[in-house]
Every structure is written in C-alpha cells, then in structure tokens.
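First up is the structure itself, then whatever we jot down about it.
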C-alpha cells in the first residue's frame, strides 16, 4: 500500500462517512426529539434522488433543480408527518418499526408506479465534472470532493442551528429530554414538523448528491439506512457528536477493511468479516457500552 | 403420479379452462375467446384424446422486487413473441398463466406450486435470477414438466445437477464471458484486474474471463452484493498498475460502477471490459454517455443481423421505443423454441419422450443466429464482442466488434450425466 | 393474561376451531398447492409465536429473529449431506445450534434495551447472514438444493406436502400449548413483570437478565423448528431465509395478530401468508398495498386481529 493510495482511500472513507452522517443525524434527531424510530428514512434519500432526476429533465440550471428537489422533499415530508408519523410518536417502538417499514415499502413501490422500474439518469453539474490532482500521480473526482464539502457544510449549518438559535435550543432540549419541551410552552406540534422536515431534508440532500454517483432506483436508500442505524447505535442514540464520530469511523473502517481483512484472513473469511464488519463493531460497542459510545440515556 | 392424473383429468380440465380464463382476469391472458371456445368444442372429437386441444403455458419471472427490471424486460420479449405467434403455440391454441418469482428463491418455489399444482400448466418458461433457478429445478423436475430457462444458468445446473426437464435457452454463465480473455490479450492488455459481485455468477463470469488471457492477472477481487460505491475499488485498480479491467456488475451496481469509472477520469486510460450485464439497453438511460466505449461480450444484442432478429427488433422498437436488451431477446427465443417443439410433435406434448426430443432439436430460427442444444441441454452458440456506441440521434447501441466464439458449448457438459 | 368475557372467548374458540378444522381437511383434498399453503402458514405460525414470546411477553423487540429460522433451514440442509435424515436428530440439532447462538448473542444483546436491542439483534442476524452468504461451498448467495428431505420415524418424508402439513400443524399445536404453559408459569410471570416494571422486580431482589436470557434461548430454539419445516417445504436453503426482511415479516405477523396473545401472532402468520398470495396475484405492485395495509394496521386496528375476533378492537 503506497502513501498515495492510503490518502485516496482516506478521502473515500471520509466521503462515505459524511453521507452516512447525513442519514444518521436525521435518524438520531427524530429519535431524540420525537422518540420515533423511522425506517422510512431511506425512502427520503431515494425521493431526493428521484426528485432531482425528475427536476433535471425540466430545469437545466443545476442549482435550481437542486433547490426544487429539496423543496419537493420538504412537501412530501410534511405530508408524511401529518398523515402517518404524528400519531406514531406516542406509540411503542414496535408499532413505529412496522408502520414506518410499511411507509418505506409503499414509497419504494410508488416511485416504480410513477417513474418505472428502470434506473433514472442524473448528470452531475458540468462545473463539477472533472478531477483534481491529489498527488503527482493521483487525481480525485471533483464531484466526490463536492459531496464531502456539501455534507460538511450541512453538518456545520445544523450545528449553528442547534447551538445558536432558539429553535435549536428547543430541539436540543427535546433530544435530551422530550418532556421538557412541552413544559417550556413551545408549540410542540410545529417543532415536531420542523424536526421531521429537517431530518428528511438531510437524507434527501444525501440522495441528491448521490444521484449522479449511483443508480437512482427504487430501494436505493435502504442499504444506507441500515448502515445509518448501525451508526446511530454505535454513536449513541440522540447524540449528534456520536453520530459524527461513528459515521466517520464506519466509513473509514469499511473502506480500509475491504483492503485489509481479505489480506489478513484470506478471501473467504476476509470477505465475510469485511461485509459484516459494521455489525461486528456494533456488537463489540454494545458489549462494552450498552447505550453506545456517547449515549447518555437508555433509549 | 402427476402425469397420470393430468392425463385422466385433461378433458375435464380443458373444458373448464374457458371458465377459468374468464374468472382469473388479471393473471391469465386469455388469448382469445374464440380459441377457448374452440377448445371446448374440440373435445368432442376422439382424435383429441392424445394431443391436448389447448396448452397452458406457465410464465414465471421477477415481476416485483429489486430485480424486476430483468423480469419486466423478459415480459416485453415474451409479449412480443405472443404477438408474433398469433394466438397459437406450434399450431395449438394456448393460454398463458403468469407467475411472479419476486427474485426470491423461496417465493419462486411457492409460486411454482401455484402454477404446477393449482393452475396445472403443461410447460414452464421464464425465471430471472440464478438463485431462483437453483431452487426451482427440483420441484419442476419432480412434477415432470419441461422448463425453458430464459436467463443465465449457474454451473451446477449445467453439470452435476443437470436435469432432463431443464432446457437453458439463454446461456450458461461462464459461456457468456468465454472468449473475452483471448480478446483482451489481443487488444493489448498486459495487466488485468478482475472484479465482480460476490455471488456465484460473479465468480463464474470472472473465472471465465481469465481463461485464454495470456498476460498477468494483478487482482481477482469481489465486492458485496449491495455495494454501490466503488471509489475504494477504483483507487485500488489505479494503484495496481492494471491496463485492463474486467468487471462483472449487473443492474444498479453496474450503473454505479460505470458512472464512477467515468468520473474518476479512467475512460480511455484503462480499458474496461465486461459482459452484457454491465451495459445494455435497460441501463443505457441511467448510464448515459458514461457507457460509451465499454467493450462487452454478448450472446444476443439488437444489432445481430438476421431476418428473424430484424423483425423482432423493429417491432420491439415500435412497441417500446428502444432497443431490446438481451433479456427480451432470449425470452423471445425461448417462446420460439417452445413453438417449434410443439409443432414438431403436432401438439402432442403429453408424449414426453417425443417432446423432449423435439425440444432438443431446437429447430427454430433464433434471433441470435445459430443455436442448438448440447447433451446437457445448455446452448451451443456464438458469442460476440460488442462495444457501446452512439447513434447520430444520441441514443446508445451495441456495435459488433468481432465474434469471440463460434458454436461454442459451455465447459460443464462433461459433468452432466445426460448424454 | 387478562380475563376475557365469555362471549369473546367463545367467539375466539369457534373461530380457532373452524380454522384448525379447515387446516386439517385441506391436505385431504389432494390439492398440493393448498396443502403447501397450510404447511407454510403453520411454519410461519410457529416462527411468529416464538417471536411473540420475546416481543409480547418480555417486551424485547427483536429485529433479528430470522437468523434462528435460517439456522434451522441450514441444519435441515446440511445434516443430510452427512447422511442424517431422521427428524429426531435434525430437529434437536437445529434447536440446539439456534439455542446456542441465541444464548451467546443474548448474553450481549440483553445488556442493551429499547432501540439498542432492536438493532443489536439485527446486527447478530446480519453476521449470520454474511457468514452464510460467504460459504461458497454451499453455493454462497445462490444457496443450495436440499440433498434429501427430513424423514419421520417410520420413513415418511417431509418433502411430501401432506406429511409436512400435518407434522407442522402438530408442531404448531404443541408450540401453542407449550407457550401457554410457559406464559402462565412462575417463569412467565417474572418475565412479564420485568417487561411492565423492571424497577419493582429489582426491588424484590430479582434480576430480569437471567430470565430474559433463558426466554431468548427458548424462543431462538423454537424458531429453528420452523426453519427445519421451511427447508423441507421449499427443499432449498439460502441466506435469503435469514435476511432482515424476513425478520421484519415475522414482526409484522406478530403485530398484525396482536402481541402477547400467542394465538394472535399465529393468526397474523395465516393472514400474512394469505395476503401475500392474494395481493401478488392481483397486482405486480402488491408491495405498495402491503405497505399501506401495514400502516393502516398500526394506525387504525389497534388491537390486531386477535382484538377483532375477541371484540376488543375498540380503543
């Protein structure tokens, strides 16, 4: 392994981790504030990708299509919140798992009914099509750097929102202790819609960014959701810091693990370990700290 | 036990079929009320005691679930075959019972039970994935029904577990890729990086690509089935110093791989090879121009030049607005194969020895050109090297570069006990 | 269990009697498709019931129960390769292996609770899934055909749908009886008490952990029994039988019927299997409707099918 390859893989792991972070932060917010386990979160990522694909056929300017896709997701998420999610907040985890699983398979099928079974096309904006030189010999796709950048910006914006605004203060209060919010005289209903929309938008942002990179297809968000859930559990439910640390750890572990494990253990066992590494990490973390790395309350 | 019961109740069953057609509205394609009525009337004649007056054909494919892209394309080819057959299979009226395998092997078995035990089909065709096939061949063989496979079959079904009831009308996995090794050497590749999805077909295709390659294989890597981000793998390819890559990725991962390959700026720097699973008409829309220049091996592609294929492709384009993918072409062929075999036995498919012989003759004009069956009932056929190219209107198509194997069998026939 | 009104329990008894009668008669009709459907329902009934022990009685929402089902499937597929076909070897071995994995993973999983428990069980199931998928000698992701079916004493083969249906129905009735006994026992009372108020249990000097671990082991072993049946039903084994989607389906069956009722989840399994058959025959977009039904079940039919039958459906 050369230094250049290690550097490039570190960039890849970082980028993968940031996409996971966009997903995980939404999961952890919804759980922290509304006590909601949302298995339909992967569908929001998928909707983001479908919306930019659909918008790009009508709107040629990429920034406009980008905004349109996020706005459409916001509308969809408000509808979803009002129709399905709101009654779920007060229900048990089992009900939530099932209802949101139901939403997820219904939405996955709905995009097939609307856009067909074959994958959609999304082009990256031309000004992001190209590569930058990392070292003398290694060039890196500009678009991937942009993904890392946008995800980092979104994370920063979220941090500012939570740390510096009144809304953020309420959300944090809710994430720490759901009962407090009502006691503060906050309009809980609006707060919940706000949190749900923000968490959906973060997932959709991931989908919009991934659109030109992977296949825009029904169910595309589900594998990422499962990983994001693992990230949340590893980091500690409700903890934003935990989500960030665990996302980057999982991103890097996955990227480097695929090179290292088969090398150390041979192809068959190495591949099994590489595929299951996130889950093995999760089991190890829970064995030592039953509420995750940064979790401070039993969920 | 099955065929006995089937023969004895065939008259009653055929008589019921018209009513059954009407009742099972959405799933049974009643080709024409006239045929159904003809069926009932035809029963009166004693001559019909042997040959069934109407044939029930079971068509099962992944119509829902993650791999339904394949099933939907097979259905398009199948539907066009229905159009061209004009309501008769080998001169006999027939009806279609459709099943959904859901790309899930255990659901496949359940659905097969419906087609075989409840709807009592006479012949089966379809199936979309190799794990469906592994699960399906046992119950089909137990029921003593002939099954014509529309999509690639795994090595185990061509060899040790070959079945007299299974005719593979598409390709044996490795067969599709055989010849690419030699081609890549000829194209000047010295250091080859092999990679594929980590399941049986992925192993078979990449193994086959290695054969006949004279240079150095610098890596033989596999990625897990759900993986769609290949940045880390592309970095390793670049670091390996390979000047050629063979990558087996069907469906969504294939779309992702090709786009990311392009974005990494490797187009034109490292040659990319695969088989038709990586880049074909069902993924052209999603891959767009990033697919240009990829070299893939194929046993069927739209530009194959023969009269039967010209008609098929022309009608397919008129109906669906683009070139047929190989899934459609092979589904169409499967139907034409069955049509020819039924005609050869004059509709008397209950004489199973004669019908098997007729299927083995494969006396039909294939859209892919020459076609016959080997002793293991897998195809002996040509494979071609094709390249993704662009028409003046911007649409993509597969252009033939060369013939990579002529009348070639698969390599597992010797392991099959059928002779 | 809550005392039920006479009328409600009579209605339930009639419904169950009818269902069992139908299940017993169907295999006699000589229609293998329906016989297999009965076997399938009984198999999933056992699986759902075993999950209900965890979800309903102990409040442990496991999202990885398919792992134990899959272990049963693989044992039924692997043992014939060693020349073992007898049901009295295969079932105990399958239950032992699944129970062992349940106990070992439970040691860690049960330290977690709530959301953490849901996803740690998923993690342990995914680990088994990836091991099965990585076993290339067993066909990897393609899986493998069962080399030979499981045999009952006397030589009857479970590959025969009639034999399989009656065997699994018998096993289901036994499982229901066993689960009822278990839930009414002192052991069962402690588990339920731990679900409802763990603090109080601790005040009484009892730790819930060992009780839960034993229950988790029992439920895991019971699910493997269903897996052995399933392997014989489809005569095939593959990682698909232990994917997280199957775990989700088990949960759906439990809650569709209503958790902590034992009979409810069995009904849930029956309806789920039927629903899947009917919906997918009606439209290729059946998944859309299945999703909608799931949501409606949670939002509207609060007490599940069991509540519907016993008249406890109203909130």
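Residue numbers (the numbering used here), protein chains in the order written: chain C, 6 to 304; chain A, 2 to 420; chain Y, 1020 to 1334.
Every residue gets a Cβ at the ideal spot worked out from N, C-alpha and C, and that includes glycine.
Quick caveat, the model's predicted, so the values are computed rather than measured.
Check                                                                                                                          : Outcome
Pairwise C-alpha distance: residue 419 (chain A) and residue 413 (chain A)                                                     : 12 Å
Residue from A:348, A:341, A:297, A:145 whose Cα sits closest to the Cα of residue 245 (chain A)                               : A:297
Candidates C:220, C:153, C:42, C:139, of which the one nearest residue 109 (chain C) by Cα                                     : C:42
Cβ pair residue 229 (chain A), residue 253 (chain A) closer than 8 Å                                                           : yes
Contact check, residue 202 (chain A) vs residue 131 (chain A), beta carbons under 8 Å                                          : yes
Residue 55 (chain A) versus residue 96 (chain A) - alpha carbon distance                                                       : 7 Å
Burial state of residue 1071 (chain Y), where buried means 16 or more other Cβ atoms lie within 10 Å                           : buried
C-beta contact flag for residue 1247 (chain Y) and residue 1109 (chain Y) at 8 Å                                               : yes
Residue 1085 (chain Y) vs residue 1273 (chain Y) beta-carbon contact at 8 Å                                                    : no
Residue 276 (chain A) classed as buried or exposed, judged by whether at least 16 other C-beta atoms fall within 10 angstroms  : buried
Neighbouring residues, chain Y, relative to residue 60 (chain C) (Cβ below 9 Å)                                                : What residue 60 (chain C) touches in chain Y: nothing, since even the nearest Cβ is about 23 Å away.
Alpha-carbon to alpha-carbon, residue 173 (chain A) and residue 206 (chain A)                                                  : 10 Å
Assumed close pair residue 1268 (chain Y), residue 64 (chain A) - CB separation to whole angstroms, cut-off 8 Å                : Actually they are not in contact, since the Cβ atoms of residue 1268 (chain Y) and residue 64 (chain A) sit about 19 Å apart, beyond 8 Å.
Partner residues on chain A for residue 1306 (chain Y), Cβ-Cβ distance less than 7 Å                                           : 65
Nearest to residue 101 (chain A) (by Cα), restricted to the options A:115, A:181, A:93                                         : A:115
Cβ contact (3+ pairs, closer than 8 Å) linking the segment 1132-1147 of chain Y and the segment 136-143 of chain A             : no
Proximity test, Cβ basis, 8 Å: residue 1239 (chain Y) and chain A                                                              : no
Contact list for residue 80 (chain A) against chain C, beta-carbon separation under 7 Å                                        : Chain C residues near residue 80 (chain A): none, gap ~15 Å exceeds 7 Å.
Unbroken alpha helix (DSSP H) run spanning residue 259 (chain C), endpoints                                                    : 245-270
Reduced DSSP secondary structure (H/G/I, E/B, other) of residue 125 (chain C)                                                  : strand
Stretch-stretch touch, CB-based, cutoff 8 Å, three pairs: the segment 1184-1200 of chain Y with the segment 178-197 of chain A : no
Between the CA atoms of residue 343 (chain A) and residue 53 (chain A) - distance to the nearest angstrom                      : 11 Å
First and last residue of the uninterrupted beta strand (DSSP E) at residue 296 (chain A)                                      : 296-299
For residue 339 (chain A) and residue 366 (chain A), the rounded distance between their alpha carbons                          : 12 Å
Identity of the residues DSSP links to residue 387 (chain A) by a beta bridge                                                  : A:297, A:401
Whole-angstrom distance between residue 36 (chain C) and residue 178 (chain C), CA atom to CA atom                             : 13 Å
Stretch pair the segment 1091-1110 of chain Y + the segment 1051-1059 of chain Y: three plus CB contacts closer than 8 Å       : no
Contact set for residue 345 (chain A): own chain, Cβ-Cβ below 7 Å, skip 5 residues either direction                            : 359, 362, 364
Boundaries of the alpha helix (DSSP H) in which residue 1182 (chain Y) is found, first to last residue                         : 1180-1203
DSSP three-state assignment for residue 421 (chain A), whether helix, strand or coil                                           : Residue 421 (chain A) lies beyond the residue range present for chain A, which begins at 2 and ends at 420; the question has no answer from this structure.
Short-range partners of chain A found in the segment 1260-1294 of chain Y, where Cβ spacing is below 7 Å                       : 1260
Chain A contact for residue 1254 (chain Y) (CB, 8 Å cutoff)                                                                    : yes
7 Å CB neighbourhood of residue 391 (chain A) in its chain, flanking five on each side removed                                 : 293, 397
Within 8 Å, strictly: CB atoms of residue 385 (chain A) and residue 332 (chain A)                                              : no
CA nearest to the CA of residue 222 (chain C), picked from C:20, C:276, C:115                                                  : C:115
Residues near residue 127 (chain C) by beta carbon distance below 8 Å, same chain, minus five either side                      : 54, 57, 58, 61, 216, 217, 221
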